[in-house]
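First comes the structure, then the notes that go with it.
There are 2 protein chains.
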Amino acid sequence: MAWDTQETRRRLQQAACTEFTAHGPDGTTMERIAALAGINKERLYNYFGDKRRLFETVLIAELEKLAISLGANAPGLENIGEYTGCIFDYHAEHPQLVRLLLWEGLAGGAAVNEVARAAHYQRTVATFAEAQRDGTLCNDLDPAKLVFLLIGLAAWWFAVPQLARMVTGSNGGTLQQRNLRRACVVRAAQHLASPHP
Amino acid sequence: MAWDTQETRRRLQQAACTEFTAHGPDGTTMERIAALAGINKERLYNYFGDKRRLFETVLIAELEKLAISLGANAPGLENIGEYTGCIFDYHAEHPQLVRLLLWEGLAGGAAVNEVARAAHYQRTVATFAEAQRDGTLCNDLDPAKLVFLLIGLAAWWFAVPQLARMVTGSNGGTLQQRNLRRACVVRAAQHLASPHP
DNA sequence: CAAGATTCCAACCTGGACGTTGGAGATTCA
DNA sequence: TGAATCTCCAACGTCCAGGTTGGAATCTTG
Numbered sequence: 075m076a077w078d079t080q081e082t083r084r085r086l087q088q089a090a091c092t093e094f095t096a097h098g099p100d101g102t103t104m105e106r107i108a109a110l111a112g113i114n115k116e117r118l119y120n121y122f123g124d125k126r127r128l129f130e131t132v133l134i135a136e137l138e139k140l141a142i143s144l145g146a147n148a149p150g151l152e153n154i155g156e157y158t159g160c161i162f163d164y165h166a167e168h169p170q171l172v173r174l175l176l177w178e179g180l181a182g183g184a185a186v187n188e189v190a191r192a193a194h195y196q197r198t199v200a201t202f203a204e205a206q207r208d209g210t211l212c213n214d215l216d217p218a219k220l221v222f223l224l225i226g227l228a229a230w231w232f233a234v235p236q237l238a239r240m241v242t243g244s245n246g247g248t249l250q251q252r253n254l255r256r257a258c259v260v261r262a263a264q265h266l267a268s269p270h271p
Numbered sequence: 075m076a077w078d079t080q081e082t083r084r085r086l087q088q089a090a091c092t093e094f095t096a097h098g099p100d101g102t103t104m105e106r107i108a109a110l111a112g113i114n115k116e117r118l119y120n121y122f123g124d125k126r127r128l129f130e131t132v133l134i135a136e137l138e139k140l141a142i143s144l145g146a147n148a149p150g151l152e153n154i155g156e157y158t159g160c161i162f163d164y165h166a167e168h169p170q171l172v173r174l175l176l177w178e179g180l181a182g183g184a185a186v187n188e189v190a191r192a193a194h195y196q197r198t199v200a201t202f203a204e205a206q207r208d209g210t211l212c213n214d215l216d217p218a219k220l221v222f223l224l225i226g227l228a229a230w231w232f233a234v235p236q237l238a239r240m241v242t243g244s245n246g247g248t249l250q251q252r253n254l255r256r257a258c259v260v261r262a263a264q265h266l267a268s269p270h271p
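Residue numbers (our numbering), protein chains in the order written: chain A, 75 to 271; chain B, 75 to 271.
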C-alpha cells in the first residue's frame with residue numbers, strides 16, 4: 075500500500091485541533107490525539123515537534139482560516155453591524171477558535187506569532203481610523219479600542235457559554251436562539267460604532 | 075505549639091486560588107499548592123476533598139467576593155456607564171476571577187453552583203428590565219442580553235490580554251493605560267444602554 | 001494524669017503522560 | 001535489482017501527579 079503523508083499530517087492536525095479545543099494544552103494528551111487520528115504517536119513528534127509546537131501550529135492554522143473567511147465575507151465598515159455579525163457567524167460555526175485563543179491567553183507569556191498578528195490587527199485599526207475620519211464611523215471611541223470591543227462583542231458569547239446560559243436562560247443551541255444573539259450583536263455594534271446624527 | 079486549623083485552611087485556599095488562577099485546573103498540581111502554602115498535601119484532601127471540589131470551593135469564594143464588592147460599590151442603573159466601570163475596576167484589581175471563570179467555561183459541562191448563580195443573574199436582569207420600562211435605560215436590547223454584553227464589555231480586556239495587547243499596542247499595565255481602557259468601557263456602556271433622546 | 005480524638009506530615013502506591021528507540025514494511029533511484 | 005531512504009508502529013524508560021496510609025505530635029475530656 076502506498077504512503078499518503080499529506081493525509082497523515084492532515085488527520086493528525088485535525089485530531090490535535092479537536093483535542094486541544096476540547097481539553098486545552100494541559101488536558102490533552104499526545105496519545106489521545108494519535109488514537110483519534112488512528113495513527114501512531116511517534117508521527118506527531120516527527121511531523122510537529124513537541125506538544126507546544128503542535129498547539130502553535132493548530133492555532134496559527136485556525137487564525138489563518140478566520141482571516142481568509144473574513145476577507146471573503148465581511149462587508150465594508152459602512153455596515154458595521156453586519157461586519158460584526160459576520161465575525162459572530164464565524165465563531166458560531168467554528169467555536170474552536172475562541173477556545174484556542176482563550177487557552178493561549180490563559181497560558182500567559184507572548185502570543186503565538188505575536189508580531190505578525192499584531193501587524194495584521196494594526197492594519198484593521200488603520201482602516202477603522204480612516205473610517206472615523208471620513209465620518210463612516212462614529213469617532214467617539216479610540217479606533218484600536220473600538221476594534222477590540224467589537225471583537226469581544228462577537229466572541230464573548232462563545233468565550234463564557236456557561237455565563238451566557240445563566241444570564242439569558244438559554245444555551246444558544248438552536249438556530250433561533252443563535253439568530254437572536256446575532257441580531258443583538260449587530261444592534262450593539264451599531265450603537266457602539268455608527269455615527270450619531 | 076497550638077494548632078490553628080482556620081489559618082491552615084485559609085492558607086491552603088489562598089494558595090489554591092493563586093495556583094488555579096495561574097495554571098488552571100489541569101496545569102495545577104496539588105503538591106504545588108501545598109508547597110506554596112507550606113503545608114502538607116494530605117491536608118488539602120482532608121479539608122477540601124479532591125482537586126475538583128477544591129477548584130469549586132475557590133471559584134465560589136471568588137464569586138462571593140465580587141457580589142459583595144458590587145453590592146457595596148456599584149451605583150444605580152441611572153448611571154450605567156459607571157456601573158459598568160465599577161465591574162471593570164473589580165476585574166482590574168482581582169484579575170483572578172475572570173481567569174477562573176474562563177477555565178470553568180472551557181471545562182464545559184454544568185457550571186459550579188449553576189442554579190444559585192442563575193437565580194442571582196435573573197434578579198439583576200429583572201432590575202434592568204424594570205429600568206428599561208421606566209425609561210432609565212434604553213430598551214432597544216433584550217435586558218438579559220444587555221446584562222451579558224455589559225459584563226463582557228468590562229471583562230473582555232482581562233479575558234484575552236494577548237489580543238488586547240496586539241490590537242491596542244499596550245499591555246494595560248500602567249495606571250494611565252488602565253484608566254483609558256476604563257473610560258472607553260464607560261463610554262461604550264453608555265452607547266449600549268443609555269436612553270437615546 | 002491517662003485515654004481517646006484531632007491535626008499534621010513523610011513516605012508510599014499506582015497510573016498515566018511525554019518523548020524515544022529499534023526495527024519492519026514501503027519507496028526511490030542508480 | 002539492491003542499497004539507501006522514508007514511513008510507520010509497538011514497546012519502552014522515566015518522570016511526575018493524584019490520592020492514601022501509618023504514625024508522631026498536640027489537644028480534649030473525664
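Built from N, CA and C at the ideal position, the CB exists for glycine as well. Small disclaimer: the values here were computed from a predicted structure and weren't measured.
Whole-angstrom distance between residue j and residue i, CA atom to CA atom
| i | j | result |
| --- | --- | --- |
| E204(A) | C91(B) | 44 Å |
| L110(B) | A96(B) | 13 Å |
| D216(A) | D124(A) | 40 Å |
| P269(B) | A263(B) | 11 Å |
| P149(B) | W230(B) | 21 Å |
| A181(A) | L180(B) | 13 Å |
| F122(B) | R127(A) | 36 Å |
| T201(A) | N147(A) | 17 Å |
| N120(B) | G101(B) | 22 Å |
| T248(A) | M104(B) | 40 Å |
| T131(B) | R191(B) | 14 Å |
| I154(A) | E136(A) | 24 Å |
| V172(B) | L266(A) | 24 Å |
| A209(B) | P235(B) | Here residue 209(B) turns out to be Gly, not Ala, going by the sequence shown. Approximately 35 Å, taken between the alpha carbons. |
| A166(A) | Q88(A) | 19 Å |
| T82(B) | E116(B) | 12 Å |
| L176(B) | G98(B) | 9 Å |
| L151(B) | C258(B) | 18 Å |
| L220(A) | L144(A) | 18 Å |
| H194(A) | G243(B) | 12 Å |
| Q206(A) | A228(A) | 21 Å |
| F129(B) | A76(B) | 29 Å |
| G183(A) | P271(B) | 45 Å |
| I142(A) | Q80(B) | 56 Å |
| R113(A) | L211(B) | Per the sequence shown, residue 113(A) should be read as Ile rather than Arg. When rounded, the distance between both Cα atoms is 57 Å. |
| Q196(B) | L174(B) | 21 Å |
| L118(B) | E138(A) | 44 Å |
| R84(A) | Q250(A) | 34 Å |
Beta-carbon neighbours of residue i, restricted to chain B and to distances below 7 Å
| i | result |
| --- | --- |
| Y119(A) | Residues of chain B passing the Cβ test: none, with the nearest at roughly 21 Å. |
| C258(A) | L215, D216 and K219 |
| V241(A) | Y195, V199, A218, V221 and F222 |
Beta-carbon neighbours of residue i, restricted to chain B and to distances below 8 Å
| i | result |
| --- | --- |
| D214(A) | R261 and H265 |
| L137(A) | What L137(A) touches in chain B: nothing, since even the nearest Cβ is about 11 Å away. |
| L133(A) | Here the premise fails: no neighbours, minimum Cβ distance about 11 Å. |
Per-residue contacts from residue i into chain A (C-beta, under 9 Å)
| i | result |
| --- | --- |
| P235(B) | G179 and G182 |
| E188(B) | Q236, R239 and M240 |
| G123(B) | Ordered by position in chain A, no residue passes the 9 Å Cβ test against G123(B), which lies about 20 Å from the chain. |
| H151(B) | Per the sequence shown, the amino acid found at residue 151(B) is Leu instead of His. In chain order: nothing, as chain A lies at least about 16 Å away. |
| G230(B) | Per the sequence presented here, residue 230(B) reads as Trp, with Gly not at that position. Correct list: F222, L223, I225, G226, L227, A229, W230 and A233. |
Assumed close pair residue i, residue j - CB separation to whole angstroms, cut-off 8 Å
| i | j | result |
| --- | --- | --- |
| L133(A) | E178(A) | 6 Å |
| F232(B) | P169(B) | 5 Å |
| L140(A) | I107(A) | With 8 Å as the limit, L140(A) and I107(A) do not qualify as a contact, their Cβ atoms being about 22 Å apart. |
| D214(B) | R252(A) | Not a contact, Cβ separation roughly 20 Å. |
| G246(A) | R256(A) | Their Cβ separation, rounded to whole angstroms, is 10 Å, which puts G246(A) and R256(A) out of contact at 8 Å. |
| V199(B) | A218(B) | 5 Å |
Beta-carbon neighbours of residue i, restricted to chain A and to distances below 7 Å
| i | result |
| --- | --- |
| G101(B) | D100 |
| L211(B) | None at all; the shortest Cβ gap to chain A is about 12 Å. |
| A185(B) | Q236 and M240 |
| L128(B) | Near L128(B) there are no residues of chain A at all, since even the closest Cβ is about 16 Å away, more than 7 Å. |
Chain-ordered neighbours of residue i on chain A, where CB pairs are closer than 8 Å
| i | result |
| --- | --- |
| P173(B) | In the sequence as displayed, the identity of residue 173(B) is Arg instead of Pro. The answer, in chain order, is L180. |
| R255(B) | K219 |
| L140(B) | Here the premise fails: no neighbours, minimum Cβ distance about 12 Å. |
Chain B residues whose Cβ lies nearer than 9 Å to that of residue i
| i | result |
| --- | --- |
| A192(A) | R239, M240, V241 and G243 |
| G145(A) | Simply none; closest approach about 18 Å. |
| L249(A) | Those do not exist, as L249(A) stays about 17 Å from chain B at its closest Cβ, beyond 9 Å. |
| L86(A) | Per Cβ cutoff of 9 Å: no residues; L86(A) is ~22 Å from chain B at best. |
| L110(A) | Neighbours of L110(A) on chain B: none; closest Cβ ~17 Å, over 9 Å. |
Does the segment 236–248 of chain B come close enough to the segment 206–224 of chain B to have 3 or more Cβ pairs within less than 8 Å? no
I'd like to know if the segment 154–162 of chain B and the segment 161–176 of chain A are in contact, where contact means that at least 3 CB-CB pairs between them fall below 8 Å. no
Can you give, in chain order, each stretch of the beta strand (DSSP E) that sits fully within the segment 103–168 of chain A and has at least 3 residues? none
Which whole runs of the beta strand (DSSP E) in the segment 165–209 of chain A are 3 residues long or more, in chain order? none
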